[in-house]
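Peer 1:
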Amino acid sequence: MKTVDEIKAAIEAAVRGARVDVLTNPGPSGQHSLLLATSTAAAVARFLRDDPEFALDFLSNVTGVDWPDKEITEKVKVPKQVVKTVEGVEQTVEEMVEETRKRVEPGCLEAVYHLYSMAKKQGPVVIRMRTANRSDNVTLPSFTPIWRSAELQEREVFDLYGIVFGGHPDLRRILMWDGFKDHPMRKDYIEPDDFEYEPTAHDEVLARAQAQKAATGMGITPQESGR
Amino acid sequence: MAVDEGLKIELGKQGIFVTSLQDLYNWGRRNSVWPMQFGLACCAIEMIATTMARYDMARFGAEVFRPSPRQADMMIISGTVTKKMAPQVVRLYNQMAEPKYVIAMGACAISGGPFKQGYNVLKGIDRYIPVDVHIPGCPPRPEALLQALITLQKKIDGQHLTGEDRPRFLNAEAQSEFPVPEQGEHDLEPTSNKDVWPVPLVIR
Numbered sequence: 001m002k003t004v005d006e007i008k009a010a011i012e013a014a015v016r017g018a019r020v021d022v023l024t025n026p027g028p029s030g031q032h033s034l035l036l037a038t039s040t041a042a043a044v045a046r047f048l049r050d051d052p053e054f055a056l057d058f059l060s061n062v063t064g065v066d067w068p069d070k071e072i073t074e075k076v077k078v079p080k081q082v083v084k085t086v087e088g089v090e091q092t093v094e095e096m097v098e099e100t101r102k103r104v105e106p107g108c109l110e111a112v113y114h115l116y117s118m119a120k121k122q123g124p125v126v127i128r129m130r131t132a133n134r135s136d137n138v139t140l141p142s143f144t145p146i147w148r149s150a151e152l153q154e155r156e157v158f159d160l161y162g163i164v165f166g167g168h169p170d171l172r173r174i175l176m177w178d179g180f181k182d183h184p185m186r187k188d189y190i191e192p193d194d195f196e197y198e199p200t201a202h203d204e205v206l207a208r209a210q211a212q213k214a215a216t217g218m219g220i221t222p223q224e225s226g227r
Numbered sequence: 228m229a230v231d232e233g234l235k236i237e238l239g240k241q242g243i244f245v246t247s248l249q250d251l252y253n254w255g256r257r258n259s260v261w262p263m264q265f266g267l268a269c270c271a272i273e274m275i276a277t278t279m280a281r282y283d284m285a286r287f288g289a290e291v292f293r294p295s296p297r298q299a300d301m302m303i304i305s306g307t308v309t310k311k312m313a314p315q316v317v318r319l320y321n322q323m324a325e326p327k328y329v330i331a332m333g334a335c336a337i338s339g340g341p342f343k344q345g346y347n348v349l350k351g352i353d354r355y356i357p358v359d360v361h362i363p364g365c366p367p368r369p370e371a372l373l374q375a376l377i378t379l380q381k382k383i384d385g386q387h388l389t390g391e392d393r394p395r396f397l398n399a400e401a402q403s404e405f406p407v408p409e410q411g412e413h414d415l416e417p418t419s420n421k422d423v424w425p426v427p428l429v430i431r
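Here the protein sequences come in this chain order: D and U. Its first residue numbered 1, the first sequence is counted upward by one per residue in the working numbering. Its first residue numbered 228, the second sequence is counted upward by one per residue in the working numbering.
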């Protein structure tokens, strides 16, 4: 199997204007992946399937990843006008001052595809696509026209992560019911608080158990209820 | 009116068989329970094994699984009830004719089991319909299901046909249909039927 850099070079040579980034995996498996730009992703996918060198004719798995907005605190050195007494004379001096700044790195939703080749008995090639943000611009091109096996799995990703696959023939929820509004696998999903906590709850679970007791009366002890 | 056991045996020796209508009626009912053919998850495999030759549920008169709720009088909730499936389960229960009984089989059906903290699993079917016998286990052994059936038979045997504590099907005013939960935007609505399922107490 070719390395990701060789695959990237082959894609860029074959598909005009294709933008591919290599995402390295620092883990021991070293399974690096290719991040495709959404505009040319379909052409790249078609190339990977049809090219006799790769012949990635089998899409094994589609999954999603939620990257929430990340607040980054960093220390930056900035020039600042400082009034200082230098050699008995008051002067305004420009000095480098360390400042703590916070910035928010916008999150995104990501779809991950694992491709294998039945013909060449090789793989996997991992390709990814990312949406522009997590709220209103969540469309990615569907790979169902290229690999039929993506159909149900893309529906699952749509259901649980909320990624909309443009060009999907039948994009409906698959696990949850049609009227359901949330996307349960997102990091900011608030799950229904409808089960009794263990009798020996502590720390974070104890706080949740107490909030639930106040709201619903679940978990009231026999002494408290008089039953 | 129950017949005195000693007198019954004594009369039996003389070739006279004495019984009460209630005993005869319950004897008939308990030995011909018709379960509904309906499986939800892995517990259903154990339920199937129970009906087959090795464990042979037919010994207890409950071998004919009916594929229609109209012809069944026992529902075995055999497996995880997801929130997507829960309204259908309640609807099937409503469609069964009285008298009807429910066995909640396995950890999932009685409490949500290993999926208790999941967002899409109902934490026990007893939140919406009355359950007669709960069987713990993940999944329960076929012997446990047979034990549940025997427990149910004992319950049927002890039912009085008249009086205040008569079973639901002999009481015209008793409720036999239960509200089907709606699938809402975030959860089932309502999340439980307060008439059937009192909010559980925690013994600390």
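Ideal placement from N, C-alpha and C gives every residue a C-beta, glycine not left out. All values derive from a computational prediction rather than experimental measurement.
Could you check where the alpha helix (DSSP H) with lysine 235 (chain U) kicks off and where it finishes?
Peer 2: Here residue 235 (chain U) is taken as the residue at index 8 of the second sequence, counted from 1. That run of the alpha helix (DSSP H) goes 232-240.
Peer 1: Note down, in chain order, every chain U residue with its Cβ under 7 Å from the Cβ of threonine 63 (chain D).
Peer 2: What you label residue 63 (chain D) is simply residue 63 of the first sequence in a count that begins at 1. Those do not exist, as threonine 63 (chain D) stays about 18 Å from chain U at its closest Cβ, beyond 7 Å.
Peer 1: For isoleucine 220 (chain D), return the contacting residues in chain U, with the cut-off set at a CB-CB distance below 8 Å.
Peer 2: Position 220 of the first sequence holds residue 220 (chain D). Val426, Leu428, Val429, listed in chain order.
Peer 1: Applying the criterion that 16 or more other CB atoms from any shown protein chain within 10 Å of the CB defines a buried residue, is threonine 307 (chain U) buried or exposed?
Peer 2: Within the second sequence, numbered from 1, the residue matching residue 307 (chain U) stands at position 80. The residue in question, threonine 307 (chain U), is buried, as its Cβ has 16 or more Cβ neighbours within 10 Å.
Peer 1: For glycine 255 (chain U), which of helix, strand or coil comes out of DSSP?
Peer 2: To locate residue 255 (chain U), count along the second sequence from 1; it is residue 28. If DSSP states are grouped into helix, strand and coil, glycine 255 (chain U) belongs with the helices.
Peer 1: Excluding sequence positions up to five away, which residues of its chain have a Cβ less than 6 Å from the Cβ of alanine 375 (chain U)?
Peer 2: In the second sequence, the residue the question calls residue 375 (chain U) occupies position 148. Only Ile330, Val360, Ile362 meet the Cβ criterion.
Peer 1: To the nearest angstrom, how far is the alpha carbon of phenylalanine 58 (chain D) from that of alanine 285 (chain U)?
Peer 2: Reading the first sequence from its first residue, position 58 is the one you call residue 58 (chain D). Reading the second sequence from its first residue, position 58 is the one you call residue 285 (chain U). Just so you know, the alpha carbons of phenylalanine 58 (chain D) and alanine 285 (chain U) end up roughly 48 Å apart.
Peer 1: What is the DSSP secondary structure of glycine 30 (chain D), reduced to helix, strand or coil?
Peer 2: On the first sequence, position 30 is the one that residue 30 (chain D) refers to. In the three-state scheme derived from DSSP, where H, G and I count as helix and E and B as strand, glycine 30 (chain D) is classed as coil.
Peer 1: What are the boundary residues of the beta strand (DSSP E) that includes threonine 221 (chain D)?
Peer 2: Taking the first sequence and counting its residues from 1, the one referred to as residue 221 (chain D) is at position 221. Note, threonine 221 (chain D): premise wrong, no beta strand (DSSP E); not H, not E.
Peer 1: Straight-line CA distance for alanine 215 (chain D) to lysine 310 (chain U)?
Peer 2: Here residue 215 (chain D) is taken as the residue at index 215 of the first sequence, counted from 1. Here residue 310 (chain U) is taken as the residue at index 83 of the second sequence, counted from 1. One C-alpha to the other measures close to 22 Å.
Peer 1: Reducing DSSP to helix, strand and coil, say where methionine 274 (chain U) ends up.
Peer 2: As a first step, residue 274 (chain U) is located in the second sequence; it is residue number 47 there, counting from the start. Looking at methionine 274 (chain U) - three-state DSSP - the assignment turns out to be helix.
Peer 1: Rounded to a whole number of angstroms, what is the C-alpha to C-alpha distance between phenylalanine 292 (chain U) and glutamate 273 (chain U)?
Peer 2: On the second sequence, position 65 is the one that residue 292 (chain U) refers to. On the second sequence, position 46 is the one that residue 273 (chain U) refers to. Their Cα atoms are separated by approximately 14 Å.
Peer 1: Check whether the Cβ atoms of methionine 302 (chain U) and phenylalanine 265 (chain U) lie closer than 8 Å to each other.
Peer 2: Locating residue 302 (chain U) in the second sequence gives position 75, counting from the first residue. Locating residue 265 (chain U) in the second sequence gives position 38, counting from the first residue. Result yes, Cβ atoms of methionine 302 (chain U) and phenylalanine 265 (chain U) sit closer than 8 Å.
Peer 1: Mapping DSSP to helix, strand and coil, what is serine 203 (chain D)?
Peer 2: Position 203 of the first sequence, counted from the first residue, corresponds to residue 203 (chain D). It is aspartate, not serine, that sits at residue 203 (chain D) in the sequence shown. Reduced to three states, the DSSP call for aspartate 203 (chain D) is helix.
Peer 1: Is it buried or exposed, glutamate 110 (chain D), if we count other Cβ atoms within 10 angstroms and call 16 or more buried?
Peer 2: On the first sequence, residue 110 (chain D) is found 110 positions in, with the first residue counted as 1. With 16 or more other Cβ atoms within 10 Å, it is buried.
Peer 1: So if DSSP puts threonine 418 (chain U) in a beta bridge, which residue, or which two residues, is it bridged to?
Peer 2: Position 191 of the second sequence, counted from the start, is the residue given in the question as residue 418 (chain U). According to DSSP, which records beta bridges pairwise, threonine 418 (chain U) is partnered with nothing at all.
Peer 1: Taking C-beta to C-beta, are leucine 248 (chain U) and isoleucine 304 (chain U) nearer than 8 Å?
Peer 2: Position 21 of the second sequence, counting from 1, holds the residue named residue 248 (chain U). Position 77 of the second sequence, counting from 1, holds the residue named residue 304 (chain U). No. Outside cutoff.
Peer 1: Just by C-beta distance, which residues in the segment 185-200 of chain D are closer than 7 Å to chain U?
Peer 2: Glu191, Pro192, Asp194, Phe195, Glu196, Pro199
Peer 1: Is the CB of aspartate 182 (chain D) under 8 Å away from at least one CB in chain U?
Peer 2: Walking along the first sequence from the start, residue 182 (chain D) turns up at place 182. Yes, contact with chain U.
Peer 1: Quick check: the Cα distance between alanine 37 (chain D) and glutamate 204 (chain D), rounded to an integer number of angstroms?
Peer 2: By one-based count along the first sequence, residue 37 (chain D) stands at place 37. By one-based count along the first sequence, residue 204 (chain D) stands at place 204. Straight-line Cα distance between these residues: approximately 41 Å.
Peer 1: Are the segment 71-84 of chain D and the segment 137-154 of chain D touching, with three or more C-beta to C-beta distances below 8 Å?
Peer 2: Segments in contact, no.
Peer 1: In chain order, which continuous runs of the beta strand (DSSP E) of length 3 or greater are located wholly inside the segment 342-429 of chain U?
Peer 2: 360-362
Peer 1: Grouping DSSP H, G and I as helix and E and B as strand, with all else coil, what is lysine 244 (chain U)?
Peer 2: Counted from its first residue, the second sequence places residue 244 (chain U) at position 17. The displayed chain sequence assigns phenylalanine, not lysine, to residue 244 (chain U). Reduced to three states, the DSSP call for phenylalanine 244 (chain U) is coil.
Peer 1: Using a C-beta to C-beta distance shorter than 7 Å, which residues of chain D count as neighbours of histidine 361 (chain U)?
Peer 2: Walking along the second sequence from the start, residue 361 (chain U) turns up at place 134. Those do not exist, as histidine 361 (chain U) stays about 15 Å from chain D at its closest Cβ, beyond 7 Å.
Peer 1: For glutamine 380 (chain U), count the other beta carbons within 10 Å of its own beta carbon; 16 or more makes it buried, fewer makes it exposed. Which is it?
Peer 2: For the purposes of this step, residue 380 (chain U) is taken as the residue at position 153 of the second sequence. Label assigned to glutamine 380 (chain U): buried.
Peer 1: When the cut-off is 8 Å and only beta carbons count, does glycine 162 (chain D) lie next to chain U?
Peer 2: For the purposes of this step, residue 162 (chain D) is taken as the residue at position 162 of the first sequence. Not an interface residue.
Peer 1: Spell out a yes or no on whether the segment 106-125 of chain D and the segment 64-74 of chain D are touching, meaning 3 or more CB-CB pairs, one atom from each, closer than 8 Å.
Peer 2: yes
Peer 1: Got a sec? Which residues, its chain only, sit under 7 Å from alanine 119 (chain D) by beta carbon, not counting five neighbours each side?
Peer 2: Taking the first sequence and counting its residues from 1, one reaches residue 119 (chain D) at position 119. Contacts found: Ala55, Asp57.
Peer 1: How is serine 186 (chain U) classed by DSSP in three states: helix, strand or coil?
Peer 2: The structure shown does not extend to residue 186 (chain U), since chain U is modelled only from 228 to 431, so the question has no answer here.
Peer 1: State yes or no: is the beta carbon of aspartate 392 (chain U) nearer than 8 Å to at least one beta carbon in chain D?
Peer 2: Translated into positions along the second sequence, residue 392 (chain U) becomes position 165. Not a single CB atom of chain D sits nearer than 8 Å to the CB of aspartate 392 (chain U).
Peer 1: Give me the DSSP bridge partner(s) of glutamate 74 (chain D).
Peer 2: As a position in the first sequence, residue 74 (chain D) is number 74, starting the count at 1. Glutamate 74 (chain D) pairs with D:Arg101.
Peer 1: For leucine 140 (chain D), which three-state DSSP category applies?
Peer 2: Position 140 of the first sequence, counting from 1, holds the residue named residue 140 (chain D). Strand at leucine 140 (chain D).
Peer 1: Starting from alanine 331 (chain U), trace the beta strand (DSSP E) in both directions and tell me its first and last residue.
Peer 2: Here the question's residue 331 (chain U) lines up with position 104 in the second sequence. For alanine 331 (chain U), the uninterrupted beta strand (DSSP E) run begins and ends at 328-332, by DSSP.
Peer 1: So is lysine 382 (chain U) in contact with chain D if we call contact Cβ pairs under 8 Å?
Peer 2: Working through the second sequence from its first residue, we reach residue 382 (chain U) at position 155. Closer than 8 Å: no.
Peer 1: Any C-beta of chain A within less than 7 Å: which residues of the segment 317-349 of chain U qualify?
Peer 2: Among the protein chains in the structure shown, which are D and U, there is no chain A.
Peer 1: Cβ of tyrosine 282 (chain U) within 8 Å of Cβ of proline 184 (chain D)?
Peer 2: Reading the second sequence from its first residue, position 55 is the one you call residue 282 (chain U). Reading the first sequence from its first residue, position 184 is the one you call residue 184 (chain D). Their beta carbons are not under 8 Å apart, which means tyrosine 282 (chain U) does not touch proline 184 (chain D) by this criterion.
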